[in-house]
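**Q** In the numbering used here, the protein residues as written are 712 to 1337.
We put the CB at the ideal spot given by N, CA and C, even for glycine.
Just so you know, these numbers come straight off a predicted model, no measurement behind them.
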Amino acid sequence: MCIVRGMCAIVGYVGNSEALQIGLDALERMEYRGYDSAGIAVVEQGSLHLEKKEGKLQNLIDRIDEVGRDSFLGTSCIGHTRWATHGRPNDVNAHPHRSFDGKAAIVHNGIIENFSTLRAEIEAAGIELESETDSEVAAHLLALAYNEGDTAGDFQASALKVLSRLDGAFTVLFVHDDHPGTIVAGRRSTPLIVGVGEGEMFLGSDVAAFIDRTKNAVELGQDNAVVITADSYDIYDFDGNPVEGKPFTIDWDLDAAQKDGFDSFMMKEIHEQPAAVRDTLAGHFDGRRIVLDEQRLSDEDLRGVEKVFVVACGSAYHSGLLAKYAIEHWVRVPVEIEVASEFRYRDPVLDQRTLVVAVSQSGETADTLEAVRHAKMQGARVLAVCNTNGSQIPRESDAVLYTHAGPEIGVASTKAFLAQVAANYLVGLALAQARGTKYADEIAEIYYALEALPEKIEKTLGLRDQILQLSEELGPVKTMLFLGRHVGFPVALEGALKLKELAYIHAEGFAAGELKHGPIALIEDDLPVVVVVPSPNGRPVLHSKIVSNIQEIRARGAKTIVIAEEGDEAVRPYANWLLEIPGTTSLMQPLLSTVPLQFLAADIARQCGNQDIDKPRNLAKSVTVE
């Protein structure tokens, strides 16, 4: 079962075209959300054609070709790619799940928390479950409700009845071969978007499912169900009362979901970082003031902030660490950065004078969402930094600043991370503006320094060939260390995370000053160590100290990969490999120094045998298990 939020991929289609290829194409664009198994069910009158296979989507396609595509006729389908948590990745546990009578099927994201009770009920009715998942119960419950009782023969009412019985966080799509032109779906705390086409309707975990067919979409609210046919969609609550959705227009196109000549999405997305930062900054400074995207907070609310918490996971957490440096420096209020999964469990001290900044690429991250809800219950204000318009975290927040990175298909975050750093800095400037800790001309100066970064990121991308050669010289290394000081420390953590995600080797990031307190014991002959060097201009004391750190590890046999500003000759004698980035201010440097580490992780991963860097093992996009 997929006990996640914002994980796995679900797709649905009803129209006048053959559904099989439309469904498979949608799954291909959505596979970054999970690739432990894949499956599809094509519906026609009186028949349900279903196939599912362990492993990547290609295994499913190969199986369908083996069976013959003529066996999958119909103009409606549901499909699923899975990231497994409970129940091994295999054919049986893959979705869709078929009902005991063979007439209904479902796909499911999330967790059905009361599935044990429901499973016992189904087994008591003499029905034997085939899988280890919680998901399968929904298929059998639909068949039972449709075959007998007060909703017998009514597909819509039967599906709503099932949805109303489920506890937990879930998205479920239902089909029945008596009603091949209809899909019923419902959501609670997991994503589901309706795509509105001409003579066809779509459902998807995100808009990538149908971006090739329409840019018109509708967002569903909490505990909403939708009934789609080829020509219509109707939205209800789980009790069957009509409700309204929220229409929106998708602001990117299919090209954004293609590789455009690059050998991987990750490599393409690294090269899209200048645009991602530029687009995230655009429109947020009107010449006088920093402007947020959605603000249900007054300037007085922001002025009253006395403490800031940043909550996030993974790479977003590292962007939060950088936010701490910037906000404390500009705003002079204390900032705590917290792994979202730990936040509510340690009972943090929160009140109306606390601002919680929730950073999430998907806006559906379960741990971060629960942190937001805990903060709101304690009376704190919440500001969301998010890449997905209309997702759950922004909806539940008091203010929103959207990153405009576009779709990020590669599982290891690159452009979303840089966009988050830029957005977090805008949050810091908005607070400085409200609290009066920076004059208007100072805020303008910092904003213009941010605006100058995309061009410098573009220049940094020129290190690509040098890093490729470097990785070939290193070969398949077994471990690497990353060192930094000040804002270089979060960059070191991010570099180590990228390498762990992609190369499957041990990698650690350390504050360089901590070397002497233990980690220096790890240094041995030929150990590759990456060192992020601060500008000698802005922080001369920090710079001289990290030069000393480089000498210390070189004396013990390490090979050093040094990232430093152009013209920093002090580090050259101590670098086995020197990667030079354009000069900028201390706080801006992470948006440049991170880029070489992304290239390095990708190239070393390939040296270590991982050729599919877009889909690292055991991971999926927007992954959390609460």
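Helix, strand or coil for residue 1338 per DSSP?
**A** No information on residue 1338 is available, as it lies outside the stretch 712 to 1337 that the chain covers here.
**Q** With 16 as the cutoff for other CB atoms within 10 Å, does residue 1055 come out buried or exposed?
**A** Translated into the one-based positions of the sequence shown, residue 1055 becomes position 344. By the neighbour-count rule (16 or more Cβ atoms within 10 Å), residue 1055 is buried.
**Q** For residue 1228, count neighbouring Cβ atoms within 10 angstroms of its own Cβ and tell me buried if that reaches 16, exposed if not.
**A** Counting from one through the sequence shown, the residue named residue 1228 turns up at place 517. Classification of residue 1228: exposed, given that the 10 Å Cβ count is below 16.
**Q** By the three-class DSSP mapping on this structure, what secondary structure does residue 758 have?
**A** Translated into the one-based positions of the sequence shown, residue 758 becomes position 47. If DSSP states are grouped into helix, strand and coil, residue 758 belongs with the strands.
**Q** Between 978, 916, 946, 1010, which has its C-alpha nearest residue 902's C-alpha?
**A** Against the sequence shown, residue 902 aligns to sequence position 191. The shortest Cα separation from residue 902 among 978, 916, 946, 1010 belongs to 916.
**Q** Give the C-beta separation of residue 1283 and residue 1289 to the nearest angstrom, bearing in mind that I take them to be a contact with Cβ-Cβ under 8 angstroms.
**A** The count along the sequence shown starts at 1 and reaches residue 1283 at position 572. The count along the sequence shown starts at 1 and reaches residue 1289 at position 578. Sure, about 6 angstroms apart at Cβ, within 8 angstroms.
**Q** Once you ignore the five residues that flank residue 899 on each side, which residues in its own chain have a CB closer than 7 angstroms to its CB?
**A** What you label residue 899 is simply residue 188 of the sequence shown in a count that begins at 1. Hits under 7 angstroms: 880, 881, 933, 934.
**Q** Between residue 766 and residue 748, which are expected to be in contact by the criterion C-beta below 8 angstroms, what is the C-beta distance as a whole number of angstroms?
**A** Position 55 of the sequence shown holds residue 766. Position 37 of the sequence shown holds residue 748. Indeed they touch by this definition, with Cβ atoms about 7 angstroms apart.
**Q** Leaving out five residues before and five after residue 1036 in sequence, what residues of the same chain have Cβ atoms less than 6 angstroms from its Cβ?
**A** Taking the first residue of the sequence shown as 1, we reach residue 1036 at position 325. Counting only Cβ-Cβ distances below 6 angstroms, and skipping sequence neighbours, we find 1198.
**Q** Decide yes or no for the touch test of the stretch 1092-1099 against the stretch 1164-1176: beta carbon pairs closer than 8 angstroms, at least 3 of them.
**A** Verdict: no, contact absent.
**Q** Quick one: Cα of residue 1336 to Cα of residue 1016, how far?
**A** Stepping through the sequence shown from its first residue, residue 1336 is reached at position 625. Stepping through the sequence shown from its first residue, residue 1016 is reached at position 305. Any answer about residue 1336 is weak, because its pLDDT of 43 lies below 50 and its placement is not dependable; what the coordinates show is given next. Using only the alpha carbons, I get a separation of about 31 angstroms.
**Q** Using the Cα positions of residue 1041 and residue 996, report the straight-line distance between them to the nearest angstrom.
**A** The residue labelled residue 1041 in the question sits at position 330 within the sequence shown. The residue labelled residue 996 in the question sits at position 285 within the sequence shown. Near 17 angstroms, if we compare the C-alpha coordinates of residue 996 and residue 1041.
**Q** Taking all protein chains shown into account, do 16 or more other C-beta atoms lie within 10 angstroms of the C-beta of residue 769, making it buried, or fewer, making it exposed?
**A** Locating residue 769 in the sequence shown gives position 58, counting from the first residue. Residue 769 should be labelled exposed.
**Q** Could you please give me the residues that DSSP links to residue 792 through a beta bridge?
**A** Here residue 792 is taken as the residue at index 81 of the sequence shown, counted from 1. Paired residues: 720, 749.
**Q** Going by DSSP, name the residue or residues bridged to residue 998.
**A** By 1-based counting over the sequence shown, the position of residue 998 is 287. Residue 998 pairs with nothing; no bridge assigned.
**Q** For the beta strand (DSSP E) containing residue 947, name the first residue and the last one.
**A** Within the sequence shown, numbered from 1, the residue matching residue 947 stands at position 236. Here the beta strand (DSSP E) through residue 947 covers 944-948.
**Q** Straight-line CA distance for residue 1323 to residue 975?
**A** Taking the sequence shown and counting its residues from 1, the one referred to as residue 1323 is at position 612. Taking the sequence shown and counting its residues from 1, the one referred to as residue 975 is at position 264. Whole-angstrom Cα-Cα distance: 8 angstroms.
**Q** For residue 686, count the other beta carbons within 10 Å of its own beta carbon; 16 or more makes it buried, fewer makes it exposed. Which is it?
**A** As shown, the chain starts at 712 and ends at 1337. That puts residue 686 outside it, with no answer to give.
**Q** Assuming residue 1310 and residue 1178 make a contact with CB atoms under 8 angstroms, what is their CB distance in whole Å?
**A** Here the question's residue 1310 lines up with position 599 in the sequence shown. Here the question's residue 1178 lines up with position 467 in the sequence shown. Confirmed, Cβ separation roughly 4 angstroms.
**Q** Excluding sequence positions up to five away, which residues of its chain have a Cβ less than 6 angstroms from the Cβ of residue 1225?
**A** Here residue 1225 refers to the residue found at position 514 when the sequence shown is read from its first residue. Nothing meets the Cβ criterion.
**Q** DSSP state of residue 684, grouped into three classes?
**A** Any answer about residue 684 is impossible in this case: the structure gives the chain only from 712 up to 1337.
**Q** For residue 1230, which of helix, strand or coil comes out of DSSP?
**A** As a position in the sequence shown, residue 1230 is number 519, starting the count at 1. Correct three-state label for residue 1230: helix.
**Q** Beta-carbon separation of residue 877 and residue 895 under 9 angstroms?
**A** Looking up residue 877 in the sequence shown gives position 166. Looking up residue 895 in the sequence shown gives position 184. Not a contact, by the Cβ cut-off of 9 angstroms.
**Q** Please list the segments of the beta strand (DSSP E) lying wholly inside the stretch 1069-1107, counting only runs of 3 or more residues, in order along the chain.
**A** Taking only runs of at least 3 residues, the beta strand (DSSP E) segments lying wholly in the stretch 1069-1107 are 1092-1097.
**Q** Would you mind listing the beta strand (DSSP E) stretches within the stretch 1129-1209 that are 3+ residues and don't spill past its ends, in chain order?
**A** Counting only runs of 3 or more, we get 1190-1195.
**Q** Quick one: using the 10 Å Cβ neighbour count with 16 as the cut-off for buried, is residue 813 buried or exposed?
**A** Locating residue 813 in the sequence shown gives position 102, where the first residue counts as 1. With fewer than 16 Cβ atoms within 10 Å of its Cβ, residue 813 is classed as exposed.
**Q** Kindly identify the DSSP beta-bridge partner or partners of residue 787.
**A** Your numbering for residue 787 matches position 76 in the sequence shown. Looking at the DSSP assignment, residue 787 forms a beta bridge with 725, 754.
**Q** Closest to residue 1079 by CA distance: which of 1053, 964, 824 is it?
**A** As a first step, residue 1079 must be located in the sequence shown, where it is residue number 368. Taking only the C-alpha atoms, the option nearest residue 1079 is 1053.
**Q** Where do the ends of the alpha helix (DSSP H) carrying residue 838 lie?
**A** Numbered from 1 along the sequence shown, position 127 holds the residue referred to as residue 838. Counting along the chain, residue 838 falls outside any alpha helix (DSSP H), and DSSP gives it neither H nor E.
**Q** For residue 1043, I'd like the list of residues in its chain whose CB is within less than 7 angstroms of its CB, leaving aside the five on either flank, ordered along the chain.
**A** The residue you call residue 1043 lines up with position 332 of the sequence shown. Correct list, in chain order: 1148.
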